[in-house]
Amino acid sequence: MKQLVIISFLVAVAILESCKSSQPLVTSAVPPAIKATAPADLSKYRASSSKLHDLVHTSLKVRPDWAMRRLSGNAEITLHPHFYSSNTLILNARGMLINNVSLLKPSGKSQLVYNHHKDSLEITLDRMYSKNENYTISIDYVARPEELDSIGGSAAISSDKGLYFINADGMEKYKPRELWTQGETQSNSVWFPTIDVPNQKMTQDIAITVDTFFVTLSNGLLIKSTLNADGTRTDFWKQTLPHAPYLAMMAIGNYAVVKDSWNGKEVSYYVEPEYKNVARKIFGNTPEMIDFFSKKLQVPYAWEKYAQVIARDYVSGAMENTSATLHGEFLQQDERELLDYTGEDVIAHELFHHWFGDLVTCESWSNIPLNESFASYGEYLWNEYKYGSDEAELGLQNDLASYLRESKNKQVNLIRFYYNNREDMFDRHSYQKGGCVLHMLRKQIGDEAFFNSLKLYLETNKFKSVEIHNLRLAFEETTGEDLNWFFNQWFLSSGHPDIDITYEWDAAVKKEKVTIQQLQNFDKTPLFKLQIDVDIYNNGSVKRQRIVCDKQLQSFYFSADKKPDVINVDADKMLVCSKKDNHTIDEWIFLYKHGRLYTDRKEALQFLAKDIKSGSASAEIMLSALDDKFWRIRQFALSNLESLTSPAEKELIKSKILAIIKFDRVASVRNTALNLLSSLFPDEDHSKVLKEAIKDSSYAVCIDALTEFTKKNTIEGLAIAKSMEDASNQSLREGISSVYVEYGNDEQAEFMNQAMLRATGYYRYRAVDNYGSFLKRCKNMDVLKQGASTIYDQAKGNGTWLIRMSAVQTLKDLRSDFNEKATSNPDYTILKERIDGYLNDIKATDKDARIKKMIGNN
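Terminal number for the sequence shown in the numbering used here: 862, no gaps in between.
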């Protein structure tokens with residue numbers, strides 16, 4: 005139920021008057037009239053699902069059939085009518101084979117009449133039930149994910165099969181057999197019948213029967229395991245706290261389980277056995293994260309345990325299944341890989357969902373920012389606590405930049421009730437913009453009010469479904485303010501302000517004039533009300549004032565004894581906007597030296613880099629930034645040195661680069677310096693430095709050093725690459741493959757073949773492309789035949805559509821290459837015809853329309 009809070013006119017006036025007394029003198033200009041937008045198409049309004057019946061509890065018994073890629077199951081579902089009495093129940097049971105539906109009574113089972121068509125299972129109950137009467141139905145079924153009519157998905161979640169058999173027949177040598185589920189948005193009804201909408205809540209238990217060598221995982225706690233007469237084992241998992249159906253999960257695989265704890269609750273990591281010894285390096289901060297979030301939110305982690313499991317060929321990044329988060333295999337890395345990427349943002353994101361999404365759940369997909377914006381902001385909070393404000397701010401600025409890129413082609417409300425497909429909600433608005441908006445709200449009202457509001461929101465709505473107004477009301481109750489203006493503007497409207505800021509010092513009256521103009525297209529984007537903190541730097545001190553900008557053009561006047569060193573508008577860099585800040589060079593230099601934030605220094609360097617010249621003050625600042633305390637600033641400075649050409653500057657730059665390559669503690673900074681060495685000093689021999697860098701602890705540095713070294717030392721470089729071929733790490737194998745793509749020949753064919761077959765996840769995607777590029781260098785017909793056949797196997801049988809598409813494109817590229825070479829060697833005609841046959845077969849058998857379209861008429 006939507007609610008409105010009405011604040012009295014007199015109270016509103018009093019608040020405005022109290023604000024005026026602290027404002028600097030302001031003049032304003034009235035914006036042009038905003039054109040009315042066309043009324044929305046009401047037929048596309050995405051209402052929250054009507055609650056005809058309420059789920060209470062789901063009890064499942066399941067057993068996978070690996071040969072058929074099916075799941076045999078029985079579901080006992082307890083429900084009651086939500087309000088109105090009913091004798092008809094409609095469940096989602098997508099693509100299932102329904103064998104039996106019955107009502108469970110004390111006297112036994114009673115058969116029920118039902119009609120099953122595609123997704124919908126309509127059941128006629130034995131009588132009318134009232135809202136106070138629970139009843140339980142039993143359904144025997146077979147889930148058939150591989151036999152669904154279509155496979156949908158989105159950019160965030162690429163498939164909606166719900167249930168995934170990985171290497172079911174065990175034929176892929178380097179891939180484990182696994183089974184896992186993916187419920188969001190409404191795909192769990194592929195593997196168990198339910199009311200598959202986010203505004204339902206249920207408790208659950210599940211009995212999973214598997215071969216004894218498998219490990220299982222599900223929501224809640226493992227209650228017991230029973231060995232069966234047929235040599236299988238049944239694991240019984242139970243969750244006693246209610247959650248939405250899309251958050252139910254199951255995973256089966258040959259996992260090593262590494263256990264931690266938090267406050268007496270199990271915290272566990274399910275990884276492939278070869279990663280057992282590094283599991284704590286990957287996930288080891290999880291107990292500290294749980295503790296930090298529990299204290300920060302003043303709401304303890306609610307669920308019975310917290311497990312994290314790795315899934316092969318996962319169709320998304322990760323999924324916050326209640327008490328059992330599932331991660332893609334990209335997170336599974338060895339210690340050296342962790343130097344280049346840790347995945348902690350993903351771990352924090354999914355854990356924060358256990359408050360925002362799992363404990364309190366959006367009532368509809370229109371409200372998904374109530375899940376995803378908070379999870380994105382959870383990344384900021386963890387980085388702020390663990391690694392400091394610079395690291396947190398870098399992530400937030402990256403999120404803002406990501407949203408602004410999307411906004412060039414798409415501007416929609418954060419909370420939106422009009423969309424073509426619910427999967428459209430999973431975009432950079434719901435994630436990145438939403439996280440930035442929450443940060444802006446925090447800075448507007450202050451930390452104490454912000455986190456107390458979140459505490460109230462969570463405690464008031466725990467185990468419930470919510471909409472955006474529930475969040476607003478919690479903030480209003482806490483702060484005592486009417487925040488409709490903020491929520492209407494940032495959650496229920498689209499776009500962002502495009503701001504131009506200018507400065508003018510009037511020595512006669514000793515005032516600095518700051519003019520702020522909103523330049524967004526007012527035909528499409530509204531005028532924004534902005535509460536902005538301004539820092540005035542003068543005489544070694546900093547004074548902060550808050551201004552309210554609610555006109556298209558406004559000027560603010562700040563008194564000072566002399567011209568301020570700089571006036572820093574949006575001092576916390578929290579505005580969701582694009583902007584042009586027209587400081588002078590001296591002001592930017594001052595802001596780099598004295599600004600409090602990473603973004604102050606980064607914006608200053610970005611401006612100074614536009615016209616940096618040898619011997620200039622800008623050059624001096626850029627060179628000094630090579631020693632900045634924060635790695636991203638050092639990296640940015642490295643990338644903006646090429647215009648400094650004086651001998652003294654060049655000598656200083658070279659010495660700095662060499663020192664960074666050897667001593668900088670951050671691998672990506674060492675890597676940037678390494679790549680700049682040859683480009684800035686192309687006439688010098690860097691073989692000794694590069695050869696030493698090949699030994700670097702970072703795979704990224706090692707690989708780039710090997711690649712650069714091989715350019716001028718090809719024979720020795722290939723020999724070094726060959727000596728590394730036995731590496732178990734796929735990052736290193738990929739790096740060696742890249743060298744062979746540029747300089748290799750038929751001799752490396754077997755390594756390239758195995759490197760592709762052993763690659764996992766996105767590495768496999770790139771390995772297919774690398775293999776195809778390498779084959780164009782080969783001349784042996786047997787090598788080319790085997791290569792084309794191996795790539796065909798990927799295009800034909802890989803479970804991940806992105807890898808199949810890569811393989812199809814690689815086959816097309818090879819066909820084009822062979823066709824050109826056939827003019828001088830007829831053997832290539834046979835290869836070209838072979839590939840034609842491969843492509844025709846794939847087009848005839850692949851269910852994915854994207855694959856068929858890519859192949860075209862062949």
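Glycine included, every Cβ here is placed at the ideal spot set by N, Cα and C.
Here the alpha carbons of LYS517 and PHE562 stand approximately 7 Å from one another. Taking 8 Å as the cut-off, the Cβ atoms of GLY544 and ASN572 do not count as close. When the beta-carbon positions are compared, LYS263 and GLU270 come within less than 8 Å of each other.
With a 10 Å radius around the Cβ and a threshold of 16 neighbouring Cβ atoms, ILE834 comes out exposed. Straight-line spacing of the CA atoms in LEU408 and MET728 works out to 42 Å. Under the DSSP definition of a beta bridge, TRP635 lacks any partner.
DSSP places ARG605 in the uninterrupted alpha helix (DSSP H) bounded by 602–612. DSSP places GLY776 inside the alpha helix (DSSP H), whose first and last residues are 765–779. In the displayed model, VAL573 falls within a strand according to three-state DSSP.
Fully enclosed alpha helix (DSSP H) runs of no fewer than 4 residues occupy 691–697, 703–716 and 718–727 of the segment 674–744, in order along the chain. Per DSSP, the unbroken beta strand (DSSP E) holding VAL275 starts and ends at 269–275. Contact annotation: GLU471 and ASN371 have beta-carbon atoms nearer than 8 Å. By the C-beta criterion, the segment 275–292 is judged not to be in contact with the segment 123–136, since fewer than 3 inter-stretch pairs fall below 8 Å. A contact is defined here as three or more CB-CB pairs under 8 Å, and the segment 197–208 fails this definition with respect to the segment 226–233. Between ASP537 and ASP510, the beta carbon gap of about 23 Å keeps them out of contact (Cβ cut-off 8 Å). Relative to SER53, the option among PHE467, ASN258 and ILE199 whose CA is nearest is ILE199. Relative to PHE713, the option among TYR250, GLY739 and VAL214 whose CA is nearest is GLY739. In the three-state reduction of the DSSP assignment, ASP144 falls in the strand class, which pools E and B. Pairing ILE212 with SER114, the inter-Cα distance amounts to about 25 Å. The beta strand (DSSP E) runs of length 3 or more contained entirely in the segment 504–583 are, from start to end of the chain, 515–522, 534–542, 545–553, 557–563 and 570–573. Rounded to whole angstroms, the separation of the alpha carbons of LEU418 and GLY801 is 39 Å.
With a cutoff of 8 Å on beta-carbon distance, ARG781 and ALA759 are scored as not near each other. Residue ALA306 holds the alpha-carbon nearest to the alpha-carbon of THR244 among LEU630, GLY450, ALA306 and ARG854.
Between LYS583 and ILE707, the C-beta gap is not smaller than 8 Å, which leaves the two residues out of contact. Cβ-Cβ distances below 6 Å link TRP70 to ALA172 in the same chain, with the five nearest sequence neighbours on each side left out; the list follows chain order.
Put simply, the backbone Cα of LYS135 is about 38 Å away from that of GLN312.
With 16 or more other Cβ atoms from the protein chains shown falling within 10 Å of its own Cβ, ASN474 counts as buried. If you check the CB distance, TRP359 and PHE297 come in under 8 Å. At a cut-off of 3 residues, the continuous stretches assigned as beta strand (DSSP E) that sit fully inside the segment 432–494 are 468–470. Here DSSP, grouped into helix, strand and coil, assigns TRP184 to strand.
Per DSSP, the continuous alpha helix (DSSP H) segment holding LYS816 begins and ends at 805–825.
Membership of ASN375 in the alpha helix (DSSP H) is indicated by the continuous run 373–391.
The Cβ atoms of ARG636 and LEU343 lie no closer than 8 Å to each other.
Out of ILE795, GLU137, LYS109 and SER162, the CA that lies nearest to the CA of TRP805 is found in SER162. Look at PHE196 here: in three-state DSSP terms it is coil, with no helix or strand label. When DSSP states are grouped into helix, strand and coil, GLU292 belongs to the helix group.
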